[in-house]
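Notes to accompany the following structure.
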Amino acid sequence: MENRRLLNYFILGLIFTLSTSFSPSNYPKVPDSPVRLFYIQRSANTNTIVYDANLLPNGDFDKENPVSVYWLRYQEQGQKKELTWIQSFLAYGISSKETNRENDFEAWLVSYKKKKLRIAFDKHKKPFAQLEINHKQAKLDHVFVKTEGSNLRPKVLYVEVFGKDLSTGDDIYEKIKP
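Numbering (the UniProt record's numbering), first residue to last: 1 to 178.
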């Protein structure tokens with residue numbers, strides 16, 4: 001069990017890589033989008049992984065690939081860049097399966113299957129990602145991961161999860177320490 005736990009921490013660290021030189025307060029603002037689900041920022045650098053809804057022309061989710069994942073490369077010129085194969089399949093990619101409700105999916109990061117997301121539309125037909133944050137159902141906004149160490153064996157110090165409580169609309173936050 002301990003080895004499995006260490007492996008999970010290692011994978012999380014691999015996903016979100018190293019360093020300690022950045023903090024969320026000095027990151028570029030990720031532009032809003034009508035298809036934005038959430039994004040992940042890491043302490044390694046200001047490059048950001050973005051998760052957008054992948055919609056068909058009729059406005060429904062693409063059932064084969066409901067989430068589009070890509071980088072905003074702020075360390076370069078802020079351009080959009082696709083994930084590499086390794087990043088998609090071992091780190092930042094997302095897997096999903098359709099639920100028994102129309103335009104509703106269960107999803108998870110390929111590197112962390114334990115925490116499930118719900119991908120659906122809100123009452124205004126805007127796509128969103130639902131996640132349990134601090135024991136409440138919430139609309140996920142973004143995640144920040146603080147790591148230290150090298151690229152090969154970074155240590156996850158904590159993960160901060162930010163969203164809006166689905167019942168009240170209030171901001172909700174959870175800090176997770178491995």
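Glycine included, each C-beta is placed from N, C-alpha and C at the ideal position. Only a predicted model underlies this, so the values are computations on that prediction, with no experimental measurement involved.
Closest by C-alpha distance to L166, out of N134, Y158, Y74, K97, is N134. Within the DSSP bridge table, the entry for D171 names K164 as partners.
Inter-residue distance for K126 and V35 is about 7 Å (C-alpha atoms, whole angstroms). Shown here for S68: same chain residues with a beta carbon closer than 7 Å to its own, the five before and five after excluded, namely D52, N54 in chain order. Under the DSSP definition of a beta bridge, K114 lacks any partner.
With fewer than 16 neighbouring CB atoms inside 10 Å of its own CB, W85 falls in the exposed class. The alpha-carbon of K136 is positioned some 10 Å away from that of G163. Assignment of L90 by DSSP, reduced to helix, strand and coil, places it in the helix class.
Of the residues assessed, Q75 falls on the exposed side of the cut-off, its CB having fewer than 16 other CB atoms within 10 angstroms. Of the candidates T48, G169, T147, T147 places its Cα closest to the Cα of K177.
DSSP places N134 outside both helix and strand once states are collapsed to three, so it counts as coil. Sequence-distant Cβ neighbours of G78 in its own chain, meaning closer than 8 Å and more than five residues away, are P28, L72. Secondary structure at N47: strand, using DSSP grouped into helix, strand and coil. Per DSSP, V69 is one residue of the beta strand (DSSP E) stretching across 67-73.
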